[in-house]
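Enquirer:
Numbering (this note's numbering), first residue to last: 15 to 939.
1. Out of curiosity, what's the CA-to-CA distance linking residue 643 and residue 296?
2. Is DSSP giving residue 555 helix, strand or coil here?
3. So who's on the other strand from residue 864, going by DSSP bridges?
4. For residue 170 and residue 163, what's the separation of their Cα atoms in angstroms?
5. Taking Cβ positions, are residue 928 and residue 911 nearer each other than 7 Å?
6. Indicate the three-state DSSP secondary structure (helix, strand or coil) for residue 278 in the structure shown.
7. Give the range of the alpha helix (DSSP H) segment to which residue 471 is assigned.
8. Short check: CB of residue 627 to CB of residue 618, under 7 Å?
9. Which residues in the same chain have their Cβ closer than 6 Å to the Cβ of residue 597, if we skip the five residues on either side of it in sequence?
10. So which of 256, 264, 286 has the shortest CA-CA distance to residue 270?
11. Judging by CA-CA distance, which residue of 257, 181, 882 is the nearest neighbour of residue 397?
12. Within the same chain, show all residues whose beta-carbon is closer than 8 Å to that of residue 635, passing over the 5 residues directly before and after it, in chain order.
13. So, are the CB atoms of residue 165 and residue 294 less than 7 Å apart?
14. Smallest Cα separation from residue 554: which of 930, 239, 275?
15. Check whether the segment 336 to 348 touches the segment 403 to 412, counting contact only when three or more Cβ pairs, one atom from each stretch, lie closer than 8 Å.
16. Residue 172 and residue 338 - do their beta-carbons sit closer together than 7 Å?
17. Hey, quick one: how far does the beta strand (DSSP E) through residue 831 stretch, first residue to last?
18. Could you name the residues of the same chain whose beta carbon sits closer than 6 Å to that of residue 422, not counting the 5 residues immediately before and after it, in chain order?
19. Does residue 600 come out as helix, strand or coil in the three-state DSSP assignment?
20. Which residue's Cα is closest to the Cα of residue 235: 458, 459, 551?
21. Start and end of the beta strand (DSSP E) containing residue 933?
22. Pick out whichever of 777, 354, 288, 324 has its Cα sitting closest to the Cα of residue 128.
23. Which same chain residues end up closer than 6 Å to residue 547 when comparing Cβ atoms and leaving out the 5 residues on each side of it in sequence?
24. Skipping 5 residues on each side, what residues in its chain have a beta carbon closer than 6 Å to that of residue 823?
25. Taking only runs of the beta strand (DSSP E) that begin and end inside the segment 152 to 215, which ones reach a length of at least 3 residues, in chain order?
26. Straight-line CA distance for residue 868 to residue 837?
27. For residue 560, which residues in the same chain have their Cβ closer than 6 Å to its Cβ, ignoring the five residues on either side in sequence?
28. Are the CB atoms of residue 148 and residue 174 within a distance shorter than 7 Å?
29. Could you spell out where the beta strand (DSSP E) holding residue 240 opens and where it closes?
30. Given a threshold of 16 other Cβ atoms within 10 Å of its Cβ, counted over all protein chains shown, does residue 382 qualify as buried or as exposed?
31. How big is the Cα-Cα spacing for residue 60 and residue 160?
32. May I ask which residues mark the beginning and end of the beta strand (DSSP E) holding residue 807?
33. Measure how close the beta-carbons of residue 591 and residue 939 come, nearest whole angstrom, since I'm counting them as under 8 Å.
34. Are residue 771 and residue 751 touching if we call contact CB-CB under 7 Å?
35. For residue 892, collect the residues of the same chain with a Cβ closer than 6 Å to its Cβ; drop the 5 residues on either side in sequence, then sort them by chain order.
36. Which of the three DSSP states, helix, strand or coil, is assigned to residue 725?
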């Protein structure tokens, strides 16, 4: 007796089915309340839903479930009146009656259920031990007739039942970046070039409904990574199974939990990727999946070792794998997620024990020391599962040999198709492969070929040629033989659902899936990635039904949002921004945003309309209209030497500190064409007024926003950008190049006239996962002397800033120089960085810079620029430590000038041998 409840075990000789019924009936019988046999459960069978509330279940031939009358015992007469011995006898009698009733119900159950069921449990990364179990079963020739999975077990089970062998599942697991599992950001390489400069690691974001009601986040992640992983891999198998989980290579059931009703939900058909996503929805970590009136989360909340669904289907022998995590120790409960996890674990601990007792064999890998988030131990976790399964193989074989299994329909020999085989195929890429299949079939002495063998072979050929949705229609030929008409997988229709605001045309253009196209391998991957990269949706999924109708499902975000960012560096000191925005004007993907940035030394204010109009996945335009006001104040020390008038041998060095403020206001317009996800050619106009004041003029004089600005620029430009970096910051591979040509003229209303060209060419590559090398070359050229607002400034370690267009100065980092140490109209710079990843998100880097700037007039008069560059150009070296934190990169860098002097730069100081320390925290904006 535990906590006022009677726990009765089934006899040891009982079958698994009898044990299931007794456990469901007797696992939790209240002493003083009427007893019911089963707790409420919800099942999907076909397109119907069945609710079992307080009933015993029996399986009927059609595969649905019917209810039998609940057995209730009224215990009201014994409340507080009978002596203890009588009450004990009553409890035992009631338990016996209930067990007999449940056993009788099971005895009437049809014996046509699956023979052997494999149960895969949840447990985070520990769940990958079940890949090792699958490998052991493959080696032993054990193949289950049904697999039931929950949480991580559902991921492994879905791939296994879709036809992936253990080695392939292991390769998939190793290819996944599990550290990105909770990321809500799209893969950078799938973004348009115009999107790649957008900040993604802002400090805080809040979204709002249309009535400005805040939308509180339900989780850390939308869980899109699950669709990215599974949809492309499961869609072909589910297409050939016509959406029926029983028609997969191995039948499967996926368990989730409806958090609205608290009921267990078992999926048997529909979108397998969606079912698995719901089953993997760890509370707090992932958002729930909404289906009809239900909100679905982790199946482990109701059945972490889901044995009961297999029993209810009539499974005769059950093998369960328990990879569930033990409860946290007191010292480990140090954050809200673990606290919540512990509370949930307490609630399901008893149910887990009941489920284990219902199985015939429970395989428990030795995973001591492995937590469910230990993503670095995949190899050893899989090996532990393999070893544990090998230990139980002998017992399982003996038990299966004793089973009195009747042959099922799946064992009935398939019909034989007469040879020769004639193929009718419209796609040339398949014609050659099918010719070889026909010759192979005709080479032997057989006159027929089993239909199922032929179909499996054809599907293998289709997959190997990149046509996973191709299928064959087999029919008798007028001549001897069989005709196989091959449909390569031509799309009959494309349907979009879930888009309440976003244009369907925009979605179809981004997905690049159209009626009449042949669905090739990789198309689903790319469609999901490109749609998610629009940043308009929290979830994206693509399915294909048996009629080759492609369904694109999207879950739209709330488009009204506000972001907050903060940063600090040793030069600009502290600054932050607030950025309210609406991200999907008129359903077109156009964003309207207001950027309000304030800092101790600089300010930026801007209103922007920007968007990318997709014509196809390979071609899009980009448009941006922006009005802005910016200000930056800098302190500058000017040094010079004076000879003492009384003693010519005495030279005094004097220093004057001055403060300079540059303000500008303007309008920027750009229009461009984006080619694929790598290149963008854009051009535009910038109309700008600016003013420079020095401390002697009074920095905070009247008219601070520049209505009386004295100078102006009318600037036209064209720019080519190539960007395929895999991520930013800390890219591991890819290139980023740009070249820009522009000019201003007083003939169109400005006060300045010039032409300038500038560019950058950079390549990142990584060796052995940890070592990243990045060479870079940069240059700038102008045809005449430029104003401060257009000059190039070398010095400092500032990273590339997002809002460079509305910034005041053109900063370029240079190790060993202080920010803005030297400036000029012309610049040449060679840069190289080596970065070593010490641990996750922690990096050590070494950088070299060699370059210089020139005044336009001095450059023109130089007798040998190359000689001067080699002799005088500064060369700097830096060592840095960086950490990719939740608030952005935190960097500490030491720099030193190794070669050259700055004396030829007027007003600058410095020479080889000086040390400089740089510090920054947060993304530069």
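Quick reminder that beta carbons are idealized off the backbone N, C-alpha and C, glycines included.
Expert: According to the data block:
1. Taking the straight line joining both Cα atoms gives about 46 Å.
2. Here residue 555 sits in strand by DSSP.
3. According to DSSP, which records beta bridges pairwise, residue 864 is partnered with 844, 889.
4. Computed Cα separation, rounded: 8 Å.
5. Going by C-beta atoms, residue 928 is nearer than 7 Å to residue 911.
6. Here DSSP, grouped into helix, strand and coil, assigns residue 278 to strand.
7. From DSSP, the alpha helix (DSSP H) with residue 471 extends over 465 to 478.
8. Against a cut-off of 7 Å, the Cβ pair of residue 618 and residue 627 comes out as no contact.
9. 573, 605.
10. When the alpha-carbon of residue 270 is set against those of 256, 264, 286, the nearest one is in 286.
11. Taking residue 397 as reference, the option from 257, 181, 882 with the minimal CA-CA separation is 181.
12. Contacts found: 626, 627, 629, 685, 686, 687, 688.
13. In this structure, residue 165 places its C-beta atom within 7 Å of the C-beta atom of residue 294.
14. It is 239.
15. No, because fewer than three Cβ pairs between the segment 336 to 348 and the segment 403 to 412 fall closer than 8 Å, the two stretches do not touch.
16. Not a contact, by the Cβ cut-off of 7 Å.
17. It is not in any beta strand (DSSP E) - residue 831 carries neither H nor E in the DSSP assignment.
18. Low confidence applies here, because residue 422 scores a pLDDT of 41, under 50, leaving its location unreliable and the question unanswered by this model.
19. DSSP places residue 600 in coil when its eight states are reduced to three.
20. Nearest to residue 235 by alpha-carbon distance, out of 458, 459, 551, is 551.
21. Residues 929 to 935.
22. The residue with the shortest Cα to Cα distance from residue 128 is 324.
23. If we look at residue 547 and ignore the five residues flanking it on each side, its Cβ neighbours are 200, 204, 205.
24. Excluding five sequence positions before and after residue 823, the CB atoms of its chain that fall closer than 6 Å to its own CB belong to 807, given in chain order.
25. With a minimum length of 3 residues, the continuous beta strand (DSSP E) runs that stay inside the segment 152 to 215 are 160 to 164.
26. Residue 868 and residue 837: Cα-Cα distance of roughly 7 Å.
27. Correct list, in chain order: 256.
28. In this structure, residue 174 places its C-beta atom within 7 Å of the C-beta atom of residue 148.
29. That residue, residue 240, is in no beta strand (DSSP E); its alpha helix (DSSP H) goes 238 to 254.
30. Residue 382 should be labelled exposed.
31. With a pLDDT of 34 at residue 60, under the threshold of 50, the modelled position of this residue cannot be trusted; read the value that follows with caution. Roughly 17 Å between the two C-alpha positions.
32. Boundaries of the beta strand (DSSP E) harbouring residue 807: 806 to 808, taken from the DSSP string.
33. Right, their Cβ atoms sit about 6 Å apart.
34. At a Cβ-Cβ threshold of 7 Å, residue 771 and residue 751 do not count as neighbours.
35. Shown here for residue 892: same chain residues with a beta carbon closer than 6 Å to its own, the five before and five after excluded, namely 829, 861, 907, 909 in chain order.
36. Residue 725 carries a strand assignment under DSSP once its states are collapsed to helix, strand and coil.
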